[in-house]
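Converting from the sequence shown to the numbering used here requires adding 648 to each position, the first position being numbered 1. So the structure is just underneath, and the comments pick up after that.
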Amino acid sequence: MSSDLAFHVKDRQQFEEAVAEIRAGIDKVGKPFEFVLEHIDLPQEVAEAGGRACLAEEAATGRQVTVEGYSYDGRPHVHGIIDSHTYPDSSSFLRFQ
Numbered sequence: 649m650s651s652d653l654a655f656h657v658k659d660r661q662q663f664e665e666a667v668a669e670i671r672a673g674i675d676k677v678g679k680p681f682e683f684v685l686e687h688i689d690l691p692q693e694v695a696e697a698g699g700r701a702c703l704a705e706e707a708a709t710g711r712q713v714t715v716e717g718y719s720y721d722g723r724p725h726v727h728g729i730i731d732s733h734t735y736p737d738s739s740s741f742l743r744f745q
């Protein structure tokens with residue numbers, strides 16, 4: 649896996665084990681991130697969360713695409729949709745097509 653402190657869990661026990669490992673290692677990424685956060689104006693919600701906040705999310709599945717366009721006056725305008733291909737049996741980016 650290429651991300652520090654990122655885990656794929658399948659049940660509550662694996663989740664609890666991942667949380668314990670995150671708590672033990674969060675300073676490795678959290679302390680430098682907090683140093684950066686101290687030097688910029690942040691929305692209150694981000695400032696309150698700090699650099700050691702984490703989240704749990706579900707993995708996205710399906711086709712990976714890039715949408716090119718813009719939004720003007722509250723309306724999206726799409727120029728094109730580009731397929732993003734990955735290496736076989738991997739989530740690592742290979743090329744656009």
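For every residue, glycine included, the Cβ atom is placed at its ideal position computed from N, Cα and C.
- Restricting attention to beta strand (DSSP E) runs no shorter than 3 residues, the segment 658-732 encloses them at 713-720, ordered along the chain.
- DSSP places PHE655 outside any beta strand (DSSP E), giving it a letter other than H or E.
- By the criterion of a C-beta distance shorter than 8 Å, VAL713 is surrounded in its chain by ILE729, ILE730, ASP731, SER732, once the five residues flanking it on both sides are discounted.
- In its chain, beyond the 5 residues on either side, ILE670, GLY673 have a beta carbon closer than 6 Å to the beta carbon of LEU653.
- Under the 8 Å Cβ criterion, the segment 696-704 counts as touching the segment 674-684, having at least three qualifying pairs.
- Within its own chain, the residues whose Cβ lies closer than 7 Å to the Cβ of VAL715, once the five positions on either side in sequence are excluded, are VAL726, ILE729, listed in chain order.
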